[in-house]
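> Right, I'll just put the structure down here and ask away after.
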C-alpha cells in the first residue's frame, strides 16, 4: 500500500494537515464547496479533493441538440420533480467555480439523456429553501423520480453523474 501523504485541508476557519489516502497527487483541485448556514447567512469553504476526472476533449454535441437547462425557484420546484420523468436538479451558486464547470457538462448531458429532465436551482437566491432541502455543499445534484429523491451527488463529478443517470434510466424502463 502506498504511503499516505500529508495534505492541507481547508475548513471554515483554519487549515490543518491531514493524512489522507486520496492525497497521492500534488495536483489538487476543489471538487465541491461546503456550506454552513449560520443565522441566515451562508459561509463557505472550498474543500480540497483529488484532481477532477478529465473531461473528454472529443467532439462536443452540436449546439442544436443541447437543450437549455431551465432555472427553478421554490414555487415551481415541486411541480418539476413530481412528473413521471427522471429529473436532475443542480443546486448551485454563481460564485462556485465547480458549479460553473458542471453547468457546461449538464448542457452536454441534455443531448445524451433526452428522456431526463434537467434543471438548476440557485441556492444564493433562495437560501431558506436550500436550507430546508438540506443542501450542505455545492454543487449538489439530486435525482428525482415521481417526486422522490433517488440519489445525490456532491461535487463536480460528471462521470459519476452519467453513471447514475444510466443506472436509474435502466431501472425506470424496467418497472
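In UniProt numbering, the protein residues as written are 1 to 175.
Beta carbons: idealized from backbone N, C-alpha and C, even for Gly.
1. Measuring straight from C-alpha to C-alpha, what distance separates residue 118 and residue 96?
2. Can the beta-carbon of residue 144 be found closer than 8 Å to that of residue 89?
3. On the DSSP letters alone, give me the boundaries of the alpha helix (DSSP H) that residue 157 sits inside.
4. Identify the residues that DSSP records as bridge partners of residue 142: which are they?
5. Check each candidate in 148, 141, 146 and 85 and name the one with the smallest Cα separation from residue 164.
6. How should residue 156 be labelled, buried or exposed, when 16 other C-beta atoms within 10 angstroms of its C-beta is the threshold for buried?
7. As a quick exercise: from 110, 161, 80 and 69, pick the residue whose alpha carbon is nearest that of residue 146.
8. Taking the alpha helix (DSSP H) that residue 104 falls in, what are its first and last residues?
9. Return yes when the Cβ of residue 139 is within less than 8 Å of the Cβ of residue 91, no when it is not.
Result, derived from the coordinates:
1. For the purposes of this step, residue 118 is taken as residue 118 along the chain shown, with counting starting at 1. For the purposes of this step, residue 96 is taken as residue 96 along the chain shown, with counting starting at 1. Going by the C-alpha atoms only, they are around 19 Å apart.
2. To locate residue 144, count along the chain shown from 1; it is residue 144. To locate residue 89, count along the chain shown from 1; it is residue 89. In this structure, residue 89 lies closer than 8 Å to residue 144 by Cβ.
3. Translated into the one-based positions of the chain shown, residue 157 becomes position 157. Note, residue 157: premise wrong, no alpha helix (DSSP H); not H, not E.
4. Reading the chain shown from its first residue, position 142 is the one you call residue 142. Bridge partners of residue 142: 89 and 152.
5. For the purposes of this step, residue 164 is identified with residue 164 of the chain shown, where counting begins at 1. Among 148, 141, 146 and 85, the Cα nearest to that of residue 164 belongs to 141.
6. Translated into positions along the chain shown, residue 156 becomes position 156. Classification for residue 156: buried.
7. The residue you call residue 146 lines up with position 146 of the chain shown. Considering only alpha carbons, the answer is 80.
8. Taking the chain shown and counting its residues from 1, one reaches residue 104 at position 104. Here the alpha helix (DSSP H) through residue 104 covers 97-112.
9. Counting from 1 along the chain shown, the entry for residue 91 is found at position 91. Counting from 1 along the chain shown, the entry for residue 139 is found at position 139. Yes, they are a contact pair.
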